[in-house]
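The numbering of the sequence shown is our numbering, which starts it at 1112 and goes up by one.
For each residue, glycine too, the CB sits at the ideal point set by N, CA and C.
A quick note: this is a predicted structure, and the numbers were derived from the prediction, not measured.
Structure record follows, encoded as structure tokens.
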Amino acid sequence: MGEIQGLRLVGEKWIVLDFRLGDTHMNHLFYRYDTRLISVPDLRPGPACVSNRPFRGGAPLLPLAASETGPAEKHNDAECQDVLQATGTASVEDLEILIYRRQDLLPPAVQQSSRDLQATEDDFFRGWGDYPYYLSYYENPPFESSSHRWYGLYGSHDRDFYALTIFDSEGREQKSETIHHLLCGDSSLEKRGSACGCRVVDVSEERQDLLAFCRTQNGDYAGIVRRDWLSVLHTDDLSGAGFIELSHKYQHETLEEIALGDGRPYVVTLELGEMLRIYAIPGRP
């Protein structure tokens, strides 16, 4: 089918899977993409389409002219009309932006809290698990929700734990509290002396649920022991709903989202484009 490139929950109903099929054989600056919708929670196939999009793997030698991109965009929107209608997006370009979470510029106050960050979310976390192995990952790009609130995990004054800080769309701090469970510092999940890092990967503001991805690793040149997991926290009272252990087989290539279906929240994971899993999020105790 192709190489999985993106996963996104859209409209609280559809899982959007985006596969790269290869170049178009007509223009090396364009790739063919297969976009497929799957309904939640019954996993029934929905609309699908194939589109031709500009190369995103790096800056091309020359910028693409409107004469090149215009016909491709018009063709894509026509071919993907059913997908666009189902997801409520105006164009394939808009859908691509939604799938890959291109965030707004950080408000100044959020930028100040994240002053040590020098790269985007994708770039910053691409090297997790690579040399040097001893690095801790306490500085994280904040996550922007659909309502443009910002959710960031920052080093807490309580050593080894994170503080979850929530900002409004203008960057004003709304809440900040140290998290003692389900993230770094939780002795039931993190082995003492390990490098550990967590980041926010999704938020359901309707249900006040937050999904965090965590990684811990320890060892030396003789070998590295690593553990990856997902944690769900309730943002109203910061209680924990539970965690999901990620398979070692797929720990480098797992995509994850919060979904709503039948009035209930779920966590959806896609492992290396091969295994799709859905977990129900329990209610508050």
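- Annotation: L1140 is outside any alpha helix (DSSP H) and is labelled neither H nor E by DSSP.
- Non-local beta-carbon contacts of V1314 in its own chain, meaning distances under 6 Å to residues more than five positions away in sequence, involve S1256, Y1262, L1321 in chain order.
- Here the alpha carbons of S1150 and S1298 stand approximately 37 Å from one another.
- C1191 and G1353 have their alpha carbons spaced roughly 38 Å apart.
- Residue I1115 holds the alpha-carbon nearest to the alpha-carbon of R1143 among I1115, D1153, L1264.
- Within the same chain, Cβ atoms closer than 7 Å to the Cβ of D1347 are found at Q1319, the five residues on either side in sequence being excluded.
- Beta-carbon to beta-carbon, A1183 and F1141 are separated by about 6 Å, close enough to satisfy the 8 Å threshold.
- Of the other Cβ atoms in all chains shown, fewer than 16 fall within 10 Å of the Cβ of R1303; this residue is therefore exposed.
- For A1197, the enclosing alpha helix (DSSP H) starts and ends at 1192 to 1198.
- When DSSP states are grouped into helix, strand and coil, L1206 belongs to the helix group.
- The three-state reading of DSSP puts D1153 in coil, since its state is none of H, G, I, E or B.
- DSSP places D1129 in the uninterrupted beta strand (DSSP E) bounded by 1125 to 1134.
- In this structure, E1204 is the residue among V1121, E1204, T1276, R1388 with its C-alpha nearest to the C-alpha of K1185.
- In chain order, L1148, I1149, S1150, V1151, G1157, A1197, T1198 place their CB closer than 8 Å to the CB of W1125, counting only its own chain and leaving out the 5 sequence neighbours on each side.
- By the criterion of a C-beta distance shorter than 8 Å, Y1377 is surrounded in its chain by V1151, P1152, I1369, A1370, L1371, I1389, Y1390, A1391, I1392, once the five residues flanking it on both sides are discounted.
- The Cβ neighbour count for V1336, taken over all protein chains shown within 10 Å, is under 16; the residue is labelled exposed.
- Annotation: the continuous beta strand (DSSP E) that includes P1376 extends over 1375 to 1382.
- Residue E1316 holds the alpha-carbon nearest to the alpha-carbon of F1254 among E1385, L1349, E1316, Q1328.
- Rounded to whole angstroms, the Cβ separation of T1289 and F1278 is 17 Å, and the two are not in contact under 8 Å.
- The alpha carbon of R1260 has as its nearest neighbour, out of A1274, S1267, E1284, R1270, the alpha carbon of E1284.
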